[in-house]
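To keep things clear, I will list the structure first and then write my remarks on it.
Residue numbers (our numbering): 11 to 83.
Given below as C-alpha cells:
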C-alpha cells in the first residue's frame, strides 16, 4: 500500500489529518534537519496504522515535504 503525505515540520503539536484514504497531512514538532522529521513521520504513521515502524519506508521525497510512503502489513 502506498500513502501520500504532506509533512509540516516545526509545528506546535504532532497531528495527522487524513484528507483521503491515501492522502494525509502530518504535522510534526521536529525540525526538518538530521532526518528528525522523517523519523517522527514514520513513527506517527506506524502508531496510527497499528504496525511496526520498520514496515514503513519512504519511497519518494526524503528531502521534500511531499512524500510517498510504502506500507507493508
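For glycine and all other residues, C-beta sits at the position ideal for the given N, C-alpha and C.
Beta-carbon contacts of residue i that lie in its chain and below 8 Å, excluding the five residues immediately before and after
i	result
residue 54	24, 26, 36, 38
Alpha carbon of residue i to alpha carbon of residue j, nearest angstrom
i	j	result
residue 59	residue 47	18 Å
residue 63	residue 11	14 Å
residue 33	residue 82	17 Å
residue 67	residue 28	19 Å
Identity of the residues DSSP links to residue i by a beta bridge
i	result
residue 15	34, 77
residue 25	37
Beta-carbon separation (whole angstroms), residue i vs residue j, contact threshold 8 Å
i	j	result
residue 16	residue 75	6 Å
residue 50	residue 43	Not confirmed; about 12 Å, so no contact.
Residues near residue i by beta carbon distance below 7 Å, same chain, minus five either side
i	result
residue 19	38, 40, 41, 42, 47
Whole runs of the alpha helix (DSSP H) within the segment 43 to 80, excluding any shorter than 4 residues: 46 to 59
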